[in-house]
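Numbering (the working numbering), first residue to last: 513 to 650.
The structure under discussion appears below in the form of structure tokens.
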């Protein structure tokens, strides 16, 4: 998430961080790289952001669990994050935490949608997730 971070400009420029283009959830690989290279991180315990759950037809991107491109982009951005971590010899613990987060939080919403989808669409989702699991889960 981009909106909850303050980053020293010199640190940002030193590592030449870039956001992947043309995908939703582009902050996932960015945030992983940012935290990997950070020597220290401070956490504020005060709430500084309230997420609004939208209703009707104007859903946020994170609420559009029945949008196949949404799932494809999410998988693509997590894949970029995993690819980055896999290049680092000391990142196994970070990778494991990311795996737990994505399956405990990120993809549950998609899985919950399966029973409400037509069979063909549900099978597409299952195949996307199965391919992803096969490639990434140790």
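Idealized CB from N, CA, C, for every residue including glycine.
Look at residue 605 here: in three-state DSSP terms it is helix. With contacts defined by Cβ atoms closer than 8 Å, residue 541 and residue 596 form a contacting pair. Assigned with DSSP and collapsed to three states, residue 544 falls in helix. Straight-line spacing of the CA atoms in residue 646 and residue 640 works out to 10 Å. The C-beta of residue 594 has 16 or more other C-beta atoms within 10 Å across all chains shown, which makes the residue buried.
Taken through DSSP and simplified to helix, strand or coil, residue 527 comes out as helix. Residue 624 carries a helical assignment under DSSP once its states are collapsed to helix, strand and coil.
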